[in-house]
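Take a look at the structure set out below.
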Amino acid sequence: MVLGGDWNCTVDFTVDRTAEEPHLRSATCLSGLLTEFELSDVWRVRNAKVRQYTWLKINEGRVSAARLDRLYVSEQYCSIVGKCAITPVGFSDHHMVTVDIHLSCPRRSSPYWYFNVKLLHDVMFCDRFLLFWEKLRVIKGHFESLRQWWEVGKAQILVFCQQNTVLSQIEVKETIKALEQDIKSIELKLLTQNDPGLVMNLQDKRHELRSFLHERVKGALIKSCFASLKDMDALSAFKKNLGQSTFQRKQMVCLRLPDGKVTTDDIEMRQHAVDFYSSLYKAEDCDSLCTEQLLHGLPQLGPEQRIALDSDITLQELSTAVMQLSTGRAPGIDGLPSEFYKHFWGSIGEDFYEVVCESFHDSSLPVSCQCAVLSLLPKKGDLALIKNWRPVALLCAEYKIVSKCLSNRLKEYLGLLIHKDQSYCVPDPSIVDNLFLIRDVLDICKLFDVNVGLLSLDQEKAFDRVDHQYLFKTMKAFGFGDVFLSWMNLLYAGASCMVKVGSGLSCPIPVQRGIRQGCPISGQLYSLAIEPMLCFLRAKLTDFSVPDVMKGPTIALSAYADDVIVFITGGEDVKVLSNALKVYEGASSARVNWGKSEALWAGRLQTGSAPRLPGGLQTGSAPRLPGGLQWGRDGMKTLGVFLGSDVFQKKNWEGVAEKVCARLSRWKWVLPQLSFWGRVLVAASTLWHRLMILQPPKGLIQELLRTLVNFLWSGQHWIKAAALYLPLHEGGQGLVDISSRIMAFLLQAAQRLLYRDGSSWVKRAYFLQHCHPVPCSGFSQPMFMPVRRGVYQAGSSDA
1 MVLGGDWNCT VDFTVDRTAE EPHLRSATCL SGLLTEFELS DVWRVRNAKV RQYTWLKINE
61 GRVSAARLDR LYVSEQYCSI VGKCAITPVG FSDHHMVTVD IHLSCPRRSS PYWYFNVKLL
121 HDVMFCDRFL LFWEKLRVIK GHFESLRQWW EVGKAQILVF CQQNTVLSQI EVKETIKALE
181 QDIKSIELKL LTQNDPGLVM NLQDKRHELR SFLHERVKGA LIKSCFASLK DMDALSAFKK
241 NLGQSTFQRK QMVCLRLPDG KVTTDDIEMR QHAVDFYSSL YKAEDCDSLC TEQLLHGLPQ
301 LGPEQRIALD SDITLQELST AVMQLSTGRA PGIDGLPSEF YKHFWGSIGE DFYEVVCESF
361 HDSSLPVSCQ CAVLSLLPKK GDLALIKNWR PVALLCAEYK IVSKCLSNRL KEYLGLLIHK
421 DQSYCVPDPS IVDNLFLIRD VLDICKLFDV NVGLLSLDQE KAFDRVDHQY LFKTMKAFGF
481 GDVFLSWMNL LYAGASCMVK VGSGLSCPIP VQRGIRQGCP ISGQLYSLAI EPMLCFLRAK
541 LTDFSVPDVM KGPTIALSAY ADDVIVFITG GEDVKVLSNA LKVYEGASSA RVNWGKSEAL
601 WAGRLQTGSA PRLPGGLQTG SAPRLPGGLQ WGRDGMKTLG VFLGSDVFQK KNWEGVAEKV
661 CARLSRWKWV LPQLSFWGRV LVAASTLWHR LMILQPPKGL IQELLRTLVN FLWSGQHWIK
721 AAALYLPLHE GGQGLVDISS RIMAFLLQAA QRLLYRDGSS WVKRAYFLQH CHPVPCSGFS
781 QPMFMPVRRG VYQAGSSDA
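Residue 1 is where the sequence shown starts when you use the UniProt record's numbering, and the numbers rise one by one after that.
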């Protein structure tokens with residue numbers, strides 16, 4: 001959908017007007033319309049902080065201007081929008097707004113072969129493959145190395161699959177044709193002969209033909225990615241059809257070249273991508289002094305842990321890793337997905353184990369495992385800029401098996417090296433812990449009327465800029481043994497990638513730095529890579545603690561991967577942070593993007609000096625920040641949730657009801673073909689992340705429940721709504737009761753508080769409870785609201 005015109009109002013007058021919005025009702029109505037139909041102001045998306053107006057009026061020396069003329073495009077098609085411009089014209093007092101939309105039919109062909117996983121349901125194919133593999137195993141000794149044999153084997157698998165498909169189609173066609181001819185011949189004979197034997201023969205031929213036609217239908221389903229007829233319900237089929245819009249949303253249609261030219265040519269876009277990623281993945285010189293300073297004093301693994309990590313990898317470990325791989329993921333350059341290895345692991349597992357052992361001995365993986373296909377996914381911002389596309393490495397399944405095996409080993413000991421305030425890829429802590437902590441710190445500041453700053457750091461291409469040598473040195477400083485480090489070197493030795501743009505692949509690009517997003521162990525490696533900087537900060541920052549509680553737990557920062565929030569208590573902390581970032585950037589080639597970083601001052605802004613409060617807090621003026629960053633006062637968005645003042649937190653719920661209604665309305669036309677279970681799948685809520693952290697406004701949950709129940713029935717309500725929430729085996733439809741789910745979230749938080757799992761927010765909550773026990777009057781007093789808000793609500797609820 002494209003919607004445009006002179007709207008005579010603005011949705012956000014702070015950037016689109018020189019004065020306040022005079023038509024608030026119109027602006028509110030338009031905002032609701034945009035939310036309901038998921039429309040995006042493409043010019044504003046491309047020019048987030050630019051002030052440019054389409055209408056200007058001068059009256060008695062006073063100038064009024066506004067961007068009244070706007071074009072809105074469906075969010076799912078923003079990726080096919082090219083140039084957006086505002087241009088003055090002579091025939092109107094309004095400027096002209098132009099948007100280039102590329103409506104050409106996208107090419108859906110893959111640049112390389114994919115194995116059809118539904119072939120695994122074909123018994124005949126599986127039997128033929130096992131015979132094929134036995135013959136391939138016989139010639140294993142004819143090659144210089146097992147790796148070479150493995151690569152040749154994968155190439156022959158491709159040919160085998162393609163030939164098997166063609167031969168099967170020919171055989172089936174010939175058999176069906178012969179059966180059809182036999183049936184016609186028998187029918188002609190029956191016209192002149194009344195032979196019971198011919199009648200029986202006709203019935204047999206028809207039954208045989210029916211079986212072949214049934215198999216042909218199954219083959220068509222396989223090609224269409226369905227396993228059986230029951231999978232072709234309206235929901236699945238419609239989701240399949242929706243793949244077209246999903247594909248277009250991910251499709252790169254144009255790129256802006258360094259000279260400012262916007263190109264839609266695949267070859268030019270591919271070359272631009274090669275230039276960009278060649279520069280991004282090229283190693284930079286790192287400062288050895290910074291590395292030495294950063295890696296000093298890190299926690300280390302003990303001898304027992306080191307020996308356990310350095311022990312030989314077993315076939316059982318590889319088998320476990322294979323079964324743990326996710327399914328339904330795009331394969332690497334060889335086209336073989338994890339489903340293939342899971343199905344045939346009993347036949348090829350031991351052969352692959354021999355290849356892995358040889359690869360480790362020779363410090364080189366098979367060639368196909370070294371090269372990843374770089375798939376680009378759109379981020380927010382101008383998609384004509386290649387930096388606004390997120391690279392995801394599509395790796396061969398063998399690479400993932402080895403990586404997953406090493407990841408399983410590493411996760412057992414990662415908690416010994418990574419502090420509890422880093423919750424990314426560490427056992428037990430989760431992203432919810434970070435959000436609980438930030439929420440409770442802001443509540444503490446309100447309750448005790450103290451000052452603390454929250455500085456959210458945005459790192460530019462965080463995973464892609466990690467220097468490999470820095471990573472290996474960091475792991476050495478953490479006490480990892482030579483054998484485990486050799487495995488890490490094996491994963492990155494000779495690494496390269498090919499960028500997928502349009503319907504083709506680029507030339508190979510050497511990957512000299514960066515942690516591959518898409519690799520099972522990548523998250524753990526990044527947590528290790530950034531931990532030295534976090535240790536550096538913890539050791540030197542003032543730390544934030546609860547006022548009047550000198551022996552209480554302190555905290556310096558909160559981290560989830562590269563999303564780091566540092567607590568600032570004064571100017572010295574800013575100096576410590578600046579120095580730490582300088583050392584970290586010099587050691588690892590990382591870069592902080594100050595333009596996308598945020599800062600929130602959660603106390604009173606005062607001038608002049610002021611006394612220092614318990615816990616190291618100061619009520620003086622907020623310190624000056626580096627990079628031109630300014631303190632905010634209302635709140636900040638962190639990890640997908642708006643936290644801050646009560647007014648600011650309302651942004652979490654703005655347009656929620658409208659978005660749910662818009663999502664459900666897209667399915668109304670197909671409701672008669674949707675089963676009740678299919679409708680439940682459509683109605684599944686996407687609000688859980690925010691509902692874990694904050695309490696929704698009164699009335700919102702009831703409104704959502706009414707909307708979901710009405711959608712489920714699409715007319716007359718035949719039974720009570722309560723029955724819909726029962727499981728399928730109890731006669732219900734499995735619809736989730738949002739109120740009960742919220743209560744479950746609160747009880748989970750209460751459970752973690754009671755068991756004291758060691759998370760930063762739990763320590764603070766437990767300490768406050770110990771120092772300030774809840775009075776007999778209950779939980780309503782303001783002093784007992786922070787930290788424990790919501791948790792005690794679950795305990796006192798009737799649910």
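Glycine residues also receive a C-beta, built at the ideal position from the N, C-alpha and C atoms.
Going by DSSP, what residues sit across from Leu-557 in a beta bridge? Val-566
To which residues does DSSP link Val-592 through a beta bridge? Gln-459
Express the C-alpha separation of Glu-21 and Val-392 in angstroms, rounding to a whole number. 42 Å
Check whether the segment 425–435 and the segment 307–326 are in contact - that is, three or more C-beta pairs closer than 8 Å. no
Going by CA-CA distance only, name the one from Gly-732, Leu-746 and Lys-659 that's closest to Gln-695. Leu-746
Give the straight-line distance between the Cα atoms of Trp-7 and Trp-55, rounded to the nearest whole angstrom. Taken atom to atom, the span from the alpha-carbon of Trp-7 to that of Trp-55 is near 11 Å.
Continuous alpha helix (DSSP H) stretch holding Trp-150: start and end: Element bounds for Trp-150: 146–192.
Ala-723: buried (16+ other C-beta within 10 angstroms of its C-beta) or exposed? exposed
Expressed to the nearest angstrom, what Euclidean distance is found between the alpha-carbon atoms of Cys-78 and Arg-270? So the two alpha carbons sit approximately 20 Å from each other.
Pick out the complete beta strand (DSSP E) segments inside the segment 445–490, 3 residues or longer, and give them in chain order. 453–457
What is the DSSP secondary structure of Phe-544, counted as helix, strand or coil? strand
Since Met-636 is in the beta strand (DSSP E), which residue starts that stretch and which ends it? 635–638
Comparing alpha-carbon positions, which option in Gly-504, Lys-446, His-121 and Gly-518 lies nearest Cys-331? The question names Cys, but residue 331 is Pro in the sequence shown. Taking only the C-alpha atoms, the option nearest Pro-331 is Gly-518.
Using the Cβ count rule (16 or more neighbours within 10 Å means buried), how would you classify Leu-63? Note that residue 63 is Val in the sequence shown here, rather than Leu. Result: exposed.
Does the separation of the CB atoms of Ile-101 and Val-117 fall below 8 Å? no
Own chain, CB closer than 8 Å to Leu-280, minus 5 neighbours either side, in chain order: Excluding residues within five positions, the ones whose Cβ falls inside 8 Å are Lys-461, Asp-464, Arg-465 and Gly-514.
Quick one: give me the first and last residue of the alpha helix (DSSP H) that Gly-302 is part of. First-last for Gly-302: undefined, no H or E at that position.
Measuring alpha carbon to alpha carbon, tell me which of Leu-704, Arg-256, Asp-351 and Phe-642 ends up nearest Ile-738. For the residues Leu-704, Arg-256, Asp-351 and Phe-642, the minimum Cα distance to Ile-738 belongs to Leu-704.
Just to confirm the assignment: which complete beta strand (DSSP E) runs, minimum length 3, are found wholly within the segment 90–132? If one requires a minimum length of 3 residues, the beta strand (DSSP E) runs lying completely within the segment 90–132 are 96–101, in chain order.
Got a sec? Which residues, its chain only, sit under 8 Å from Gly-335 by beta carbon, not counting five neighbours each side? Tyr-112, Trp-113, Tyr-114, Phe-115 and Leu-158
Roughly how many whole angstroms lie between the Cα atoms of Gly-93 and Ala-66? Before going on, a small fix: residue 93 reads as Asp here, not Gly. Approximately 12 Å, taken between the alpha carbons.
Quick one, which of Lys-261, Leu-365, Val-452 and Asn-710 has its alpha-carbon nearest residue 811's? Limits of the chain in this structure are 1 at one end and 799 at the other, which puts residue 811 out of reach.
Are Leu-712 and Tyr-725 close, meaning C-beta to C-beta below 8 Å? no
Would residue 804 pass as a contact of Ser-597 if the rule is Cβ separation under 8 Å? For residue 804 there is no data in the structure shown, the boundaries of the chain being 1 and 799.
Nearest neighbour of Leu-410, chosen from Val-441, Ser-527 and Gly-595 [CA to CA]: Ser-527
So, helix, strand or coil for Phe-642, using DSSP? strand
Secondary structure of Ile-86, DSSP reduced to three states: strand
Short of 7 Å in beta carbon distance, which residues of its chain neighbour Ala-372, apart from the five on each side in sequence? Order them along the chain. Gly-332, Ala-393, Leu-394, Leu-395, Cys-497 and Arg-516
Sub-8 Å separation of Arg-591 and Gln-459 beta-carbons: Their beta carbons are under 8 Å apart, which means Arg-591 touches Gln-459 by this criterion.
So what does DSSP say about Ser-40, is it helix, strand or coil? strand
Using the Cβ count rule (16 or more neighbours within 10 Å means buried), how would you classify Trp-601? buried
Going by DSSP, name the residue or residues bridged to Cys-497. Ala-372 and Ile-509
Are Ala-283 and Gln-524 close, meaning C-beta to C-beta below 8 Å? no
Kindly list the residues whose CB is nearer than 8 Å to the CB of Arg-206, restricted to its own chain and excluding five residues on each side of it in sequence; keep chain order. Ile-183
Can you name the start and end residues of the alpha helix (DSSP H) that Tyr-353 belongs to? Per DSSP, Tyr-353 belongs to the alpha helix (DSSP H) from 338–362.
Cβ-Cβ distance between Ala-477 and Leu-295 below 8 Å: yes
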